[in-house]
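Novice: Please see the structure below; I have some questions.
2 protein chains.
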Amino acid sequence: MKSRSEQLILELGKRIVLGEYIPGEILPKVEDLSEEYYVSRTVVREAYKGLSTLGLVRSNQRSGTVVLPRSEWQWWNIEIMTWLLEDPNNKDFILHLTEVRMGLEPIAAALAASKGTEQDRINIKEAFQKLEQSVGDEKAWIKADYDFHESILKASNNDLLIGTIRIMRKALTVSREKTLPLTNDNQEFSYDSPTKAALEKHRMIYEAIMSRDEETAKQKMMELILRVRTILQKIFN
Amino acid sequence: MKSRSEQLILELGKRIVLGEYIPGEILPKVEDLSEEYYVSRTVVREAYKGLSTLGLVRSNQRSGTVVLPRSEWQWWNIEIMTWLLEDPNNKDFILHLTEVRMGLEPIAAALAASKGTEQDRINIKEAFQKLEQSVGDEKAWIKADYDFHESILKASNNDLLIGTIRIMRKALTVSREKTLPLTNDNQEFSYDSPTKAALEKHRMIYEAIMSRDEETAKQKMMELILRVRTILQKIFN
DNA sequence: AATTATTTGTCCGTATGTATG
DNA sequence: CCATACATACGGACAAATAAT
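These protein sequences, in sequence, are chains U and P. -11 is the number of the first residue of the first sequence in my numbering; add one for each residue after it. -11 is the number of the first residue of the second sequence in my numbering; add one for each residue after it.
And the structure:
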C-alpha cells in the first residue's frame, strides 16, 4: 500500500502533467489542500517536496507553490512518462518518444557489437534462439522480443543508456496495454508481430552484433524502429 | 537560500551517488539523522521523500530507509548527473554520456532538417553567422557554439528530446568548468576549438539542415561528436 | 501463531522565516 | 517599516507495518 503522501503526489502530479493545472498557476496552500484531502499538513508538505523533486512545482514562501513550465519537468520519470502517454490530448508524445528511441536503440546495438563481452554474446544468442522458437505464438513472442532487446541493451555496458531505454520501454509497454483493447488493429500496433518476416529482421541485427559489425547493427535496428514509427504515424494522424 | 531539507538532500544524495553509501545499505533512522544534523524530524522526513523521488532510496516501516540499486536511480536529474561527472572514480560516466549523446544529437539534427519551421531555420541561420564571426575568439566561440546547437535542438520540435539534451549539455558544461583548470590541454578537451577547421565542420551540418537533407545532417553531427568521444577516450584511458 | 520491538507514517499545536504590498 | 500571507521548521503524541522472538 502506498503512503498518503505518495497517493497525493500521484493525484496532483497527474493533474499537472495532463494540463489540469497549467504552468504558472498557484496550487492551493498547504493548509487548504490538507483540509480538502483530509490529510495532515505533514502529508501535503511531503507531497509538495516530491513534486518539487520531479520538477513539476516550486514552493516559495509567501507566494505559494507554483506549477513549473514543461521545460523543468523530469521527463525520464516513469510516472510522468506514463501519464503523458495516457493523455489522449497529447498524441504527439508517443511520436516524440519513438524519435528518441530512434536515437538510442541503434546506439545500444552498435555498442553491443563493439563492446559486448563473451558472456553478453552468449546471452544474446540464447535470446535470439527463444525468439526463433516463438514464431506464430503471440504471447511467447512478446516476451522473447522483450528479452532479445534487453540482452542487446545489457551488452552495451552503459548504465545510463540501459536505465534510459528501460524507462522508455516500460512506459511504452504500459501505454500499449492500456491502448490495445481500444484498437482493432492489435497485430499491426504491437512492437512487431510474430511472423517469419519479423524474425528475419531480428536475425539481421543478431548476426551483425555477432560479427561485431557495429554499422550494420545500428542500421538494422534503426529500420526496425522506423517501421514502428511509421505505424504509429498512420494510427495517430 | 536553500531550505534545510534541500541541503540535506544534497548532502545525502551526493554521498549515495559517490558510493559512500552503497546500494542495500540502511541509512540512519530519521531520529538519529535529526540529531546528527541538528534539524527536526520533519526536515529529515522531507529529505528522505525527495531522495526517494530521485530513486536513490526507499523507506520501509520497521526496516528503515535503504539505498536502492543504480538501476533505480533517476539518471536524468541534473544534480545526480553533476555528481556522477564530478566523481573522479567514475571516469566511465562521461564516456557513457557521450555515447548517449551520439544517439541523440544526430537525431535532433535530422529532425531539424525534416521538421524545422521557417522561424527555426532563421534562428539556425543567425546562430551560424555568429559562429562564423567567432573564429579565433575562445570566449565568443563557446557561447556561439552553444547557441548554434541550441537552435538546432529547438528546431527538432520534440520537447522530450529538447529537455533531455539540455540536461546533458548543462551537466557537461558544469563538468568541463570544474575539470578544465586541472588539465593542461584545454584546447583539445573543449567541445571544439575556435578554428577555421572546426567552423567548416559546423558549416556542413548547417548546410545539410538548410537543404532539408536529414541523412547528411545526422551523419555530420555524428562525426562532430565522435571526435569529442575520441578525445575523451585519449584523456581518460 | 501470537507477541513484541523497532522504525516509518501521520497528526497537530506552535513558532519562525521570508517575500510582498 | 509594518502588516500580511504563505512556506518552513520544531517536537510530542499516536498509528501502522513488519522483522524478530
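Don't be surprised by glycine CBs; every beta carbon is placed ideally from N, CA and C. Please read these numbers as outputs of a predicted model, since none were measured by experiment.
#1: Nearest to A194(P) by CA position, among L141(P), K79(P) and E60(P), is which residue?
#2: Buried or exposed for A196(P), going by 16 or more other Cβ atoms inside 10 Å?
#3: Taking only beta carbons into account, state which residues of the stretch 42 to 69 of chain U come closer than 8 Å to chain P, listed in chain order.
#4: Can you name the residues of chain P whose CB is closer than 8 Å to the CB of D108(U)?
#5: In three-state terms, what does DSSP make of V54(U)?
#6: Decide if L41(P) is buried, meaning its Cβ has at least 16 other Cβ atoms within 10 Å, or exposed.
#7: Which ranges would you report for the alpha helix (DSSP H) in the stretch 183 to 217 of chain P if only whole runs of at least 4 residues count?
#8: Based on Cα-Cα distance, which residue from E67(P), E8(P), Q49(P) and L44(P) lies nearest to S59(P)?
#9: Counting only beta-carbon atoms, is M210(P) nearer than 7 Å to chain U?
#10: Does the Cβ-Cβ distance between M192(P) and K208(P) come in under 7 Å?
#11: Counting only beta-carbon separations shorter than 7 Å, does D135(U) have a partner in chain P?
#12: Excluding the 5 residues flanking D173(U) on each side, which residues of the same chain have their C-beta closer than 8 Å to its C-beta?
#13: Given that D147(P) touches chain U, what residues does it touch there, using C-beta distances under 7 Å?
#14: Among residues of its own chain, excluding the 5 on either side of I(-8)(P), which ones have a beta-carbon nearer than 6 Å to its beta-carbon?
#15: Taking the alpha-carbon positions, what's the V5(U) to M69(U) distance?
#16: Could you tell me whether the Cβ atoms of V55(P) and Y25(P) are closer together than 7 Å?
#17: On the CB-based measure, 16 or more other CB atoms within 10 Å of its CB, does G1(U) come out buried or exposed?
#18: I need the boundaries of the beta strand (DSSP E) containing N78(P), first residue and last residue.
#19: Reducing DSSP to helix, strand and coil, say where I10(P) ends up.
#20: Helix, strand or coil for W61(P)? Go by DSSP, reduced to three states.
#21: Does E13(U) get closer than 7 Å to chain P when you measure Cβ to Cβ?
#22: I'd like to know if I95(P) contacts chain U, where contact means its C-beta is closer than 7 Å to some C-beta of that chain.
#23: Listing by chain order, which chain P residues have their CB less than 8 Å from the CB of K79(U)?
#24: Can you pull the chain U residues whose beta carbon is under 7 Å from the beta carbon of E34(P), in chain order?
#25: I66(U) and I155(U): beta carbons closer than 7 Å?
#26: What is the DSSP secondary structure of N111(U), counted as helix, strand or coil?
#27: Nearest-angstrom Cα distance between M210(U) and L(-2)(P)?
#28: Look at the alpha carbon of R3(U) and the alpha carbon of A159(P), and state the distance between them as a whole number of angstroms.
#29: Excluding sequence positions up to five away, which residues of its chain have a Cβ less than 8 Å from the Cβ of S22(U)?
#30: Going along chain U in order, which residues have a C-beta closer than 8 Å to the C-beta of M90(P)?
#31: Pull out every residue of the stretch 151 to 167 of chain P whose Cβ sits closer than 7 Å to any Cβ of chain U, in chain order.
#32: If you drop the 5 nearest sequence neighbours on each side, which residues of the same chain put their C-beta closer than 7 Å to that of K184(U)?
#33: Along the stretch 99 to 126 of chain P, where does the CB come closer than 9 Å to a CB of chain U? Name the residues.
#34: Report yes if the C-beta distance between M90(P) and I219(P) is below 7 Å; otherwise report no.
Specialist: Result, derived from the coordinates:
#1: Taking the first residue of the second sequence as 1, we reach residue 194(P) at position 206. Reading the sequence as shown, one finds Tyr at residue 194(P) and not Ala. Of the candidates L141(P), K79(P) and E60(P), the one whose C-alpha sits nearest the C-alpha of Y194(P) is L141(P).
#2: Position 208 of the second sequence, counted from the start, is the residue given in the question as residue 196(P). It counts as buried.
#3: L42, R58, S59, W61, Q62, W63, W64 and N65
#4: Residue mapping note: residue 108(U) aligns to position 120 of the first sequence, counting from 1. Within chain P, no residue comes near D108(U); the closest Cβ sits about 16 Å away, beyond 8 Å.
#5: Against the first sequence, residue 54(U) aligns to sequence position 66. If DSSP states are grouped into helix, strand and coil, V54(U) belongs with the strands.
#6: The count along the second sequence starts at 1 and reaches residue 41(P) at position 53. The residue asked about is misnamed: residue 41(P) is Thr in this sequence, not Leu. Under this definition T41(P) is a buried residue.
#7: Listed in chain order, they are 184 to 198.
#8: Against the second sequence, residue 59(P) aligns to sequence position 71. Answer by Cα proximity: L44(P).
#9: As a working mapping, residue 210(P) is identified with position 222 in the second sequence. No, M210(P) does not count as interfacial toward chain U.
#10: For the purposes of this step, residue 192(P) is taken as the residue at position 204 of the second sequence. For the purposes of this step, residue 208(P) is taken as the residue at position 220 of the second sequence. Yes, the pair counts as a contact, with Cβ atoms nearer than the cut-off.
#11: Numbered from its first residue, the first sequence carries residue 135(U) at position 147. D135(U) does not count as touching chain P.
#12: Taking the first sequence and counting its residues from 1, one reaches residue 173(U) at position 185. The pLDDT assigned to D173(U) is 48, lower than 50, so where the model puts this residue is not dependable; a value taken from the coordinates is nonetheless given after this. Correct list, in chain order: I223.
#13: Reading the second sequence from its first residue, position 159 is the one you call residue 147(P). What D147(P) touches in chain U: R58 and H84.
#14: Numbered from 1 along the second sequence, position 4 holds the residue referred to as residue -8(P). The amino acid at residue -8(P) is misidentified as Ile; the sequence shows Arg. Counting only Cβ-Cβ distances below 6 Å, and skipping sequence neighbours, we find V27 and V31.
#15: Reading the first sequence from its first residue, position 17 is the one you call residue 5(U). Reading the first sequence from its first residue, position 81 is the one you call residue 69(U). Each residue's alpha carbon lies about 9 Å from the other.
#16: On the second sequence, position 67 is the one that residue 55(P) refers to. On the second sequence, position 37 is the one that residue 25(P) refers to. Taking 7 Å as the Cβ cut-off, V55(P) and Y25(P) do not qualify as a contacting pair.
#17: To locate residue 1(U), count along the first sequence from 1; it is residue 13. Buried, because 16 or more other Cβ atoms sit within 10 Å of the Cβ of G1(U).
#18: For this step, residue 78(P) is matched to residue 90 along the second sequence. Note, N78(P): premise wrong, no beta strand (DSSP E); not H, not E.
#19: Translated into the one-based positions of the second sequence, residue 10(P) becomes position 22. When DSSP states are grouped into helix, strand and coil, I10(P) belongs to the coil group.
#20: Indexing the second sequence from 1 puts residue 61(P) at position 73. In the structure shown, W61(P) sits in coil (DSSP, three-state: anything other than H, G, I, E or B).
#21: Looking up residue 13(U) in the first sequence gives position 25. No, E13(U) lies away from the interface with chain P (no Cβ there is under 7 Å from its Cβ).
#22: Stepping through the second sequence from its first residue, residue 95(P) is reached at position 107. So yes, I95(P) belongs to the interface.
#23: Translated into the one-based positions of the first sequence, residue 79(U) becomes position 91. By Cβ distance, chain P contributes nothing, its closest Cβ being about 13 Å from K79(U), past 8 Å.
#24: As a working note, residue 34(P) is residue 46 in the second sequence. R33, E34 and K37, listed in chain order.
#25: One-based indexing of the first sequence puts residue 66(U) at position 78. One-based indexing of the first sequence puts residue 155(U) at position 167. For I66(U) and I155(U), yes; Cβs fall inside 7 Å.
#26: The count along the first sequence starts at 1 and reaches residue 111(U) at position 123. Residue state, collapsed to three classes: helix.
#27: Working through the first sequence from its first residue, we reach residue 210(U) at position 222. Working through the second sequence from its first residue, we reach residue -2(P) at position 10. Their Cα atoms are separated by approximately 39 Å.
#28: In the first sequence, the residue the question calls residue 3(U) occupies position 15. In the second sequence, the residue the question calls residue 159(P) occupies position 171. Roughly 30 Å between the two C-alpha positions.
#29: The residue given as residue 22(U) occupies position 34 in the first sequence. The residues are S28, R29, V31 and V32.
#30: Stepping through the second sequence from its first residue, residue 90(P) is reached at position 102. Ordered by position in chain U, the residues that pass the 8 Å Cβ test against M90(P) are I95.
#31: Residues G151 and T152.
#32: On the first sequence, position 196 is the one that residue 184(U) refers to. Cβ neighbours of K184(U) beyond the five flanking positions: V123.
#33: L99
#34: For the purposes of this step, residue 90(P) is identified with residue 102 of the second sequence, where counting begins at 1. For the purposes of this step, residue 219(P) is identified with residue 231 of the second sequence, where counting begins at 1. It is not a contact, given that the beta carbons lie outside the stated cut-off.
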